[in-house]
Every structure is written in C-alpha cells, then in structure tokens.
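Take 1158 as the starting number for the sequence shown in this note's numbering and just add one per residue.
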Amino acid sequence: MFVPLGRHVSFFGMREPAPKRATRGYATNFFAMQGPLLAAVALGLARDAIASLRERAAAKTPRGGSMTLAQQPTVHEALARAEALLRSARAFVYEASQASDALTDPTPEQATELSATMRLAGAHATAAAIQAVDLVYD
C-alpha cells in the first residue's frame, strides 16, 4: 500500500503535540487523548450497572428477607455513592476535554500539563467506574 508523504503519522510522532497549522484539531499528543476516550467505555458500563440495579431493585427480594432491594437503606446508600462516583468522574473528563478544546496554541509547558490532566482524568474515571460497579454488585 502506498501512502503519500505527508499523509502518514509515525508511531513516535504520535507522542508529540500536533504540528502548528490553521486546521489543528487538538492541543496535545495522540496518547494523552486516549485516557478520556477509553474511560468512556468504563463510564458507560458503570452507568448501565447502576441502571440495571435500579430496574431490578423494585422486584428483587434477597433470600430470607422481607423487603425488596429498593426498600433497603444500604442499597440506597450504595446507589448514591455509585452515582456520585460516576458523575464526578465524568465531570473531570468533560473538564479536561473542554480545557483541551480551549487551548489552541499551547506552550510546551501547557501541552505537558494538559497531557497530564487528560491522562489523569481518564485514569480517575476508569477507577471510579470500577468502584461504582463494585458498589452496585456487592
């Protein structure tokens, strides 16, 4: 397969900020954007876990119990904690993404800071999603 010069990206080039040009679409390197992008999967799974528990809680009664899950305060607490984890993680991802959109011509220091923030947002969102799912299924 022939790829014309200027229409390719080297693996090592993906670690560098985007070249300066009028149509530049992002302020940081390719790998920094992967954190928030991949965290979206974990956040979606956690959102579905919370929705599934809410749906089943009204009809499910634990063995040996007399109340449905929806009537138990511990289930309310777990759902609330899971919801808080999910929403705060998602807010951090959105904040990092908006910062990336707002930064059109970053200095090298700004690009490094943005890269770290985006990676942190992605890692935090994934960890929070795991905690949320654990709360819902425990």
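Heads up, the beta-carbon is just placed ideally off N, CA and C, and yes, glycines get one too.
Burial state of residue i (16 or more Cβ within 10 Å)
| i | result |
| --- | --- |
| residue 1249 | buried |
| residue 1237 | exposed |
| residue 1241 | exposed |
| residue 1180 | Because residue 1180 carries a pLDDT of 49, less than 50, the predicted location of this residue cannot be relied on, and the following value inherits that uncertainty. Per the 10 Å Cβ criterion, exposed. |
| residue 1194 | exposed |
| residue 1315 | No answer is possible for residue 1315: it lies beyond the span of the chain, which begins at 1158 and ends at 1295. |
| residue 1222 | exposed |
| residue 1198 | exposed |
Residue i and residue j closer than 9 angstroms at C-beta
| i | j | result |
| --- | --- | --- |
| residue 1239 | residue 1226 | no |
| residue 1283 | residue 1196 | yes |
| residue 1280 | residue 1252 | no |
| residue 1245 | residue 1275 | no |
| residue 1286 | residue 1200 | yes |
| residue 1185 | residue 1268 | yes |
Of the listed residues the options, nearest to residue i (C-alpha basis)
| i | options | result |
| --- | --- | --- |
| residue 1189 | 1290, 1287, 1203, 1270 | 1270 |
| residue 1256 | 1161, 1272, 1213 | 1272 |
| residue 1203 | 1247, 1218, 1219 | 1247 |
| residue 1294 | 1229, 1219, 1206, 1259 | 1206 |
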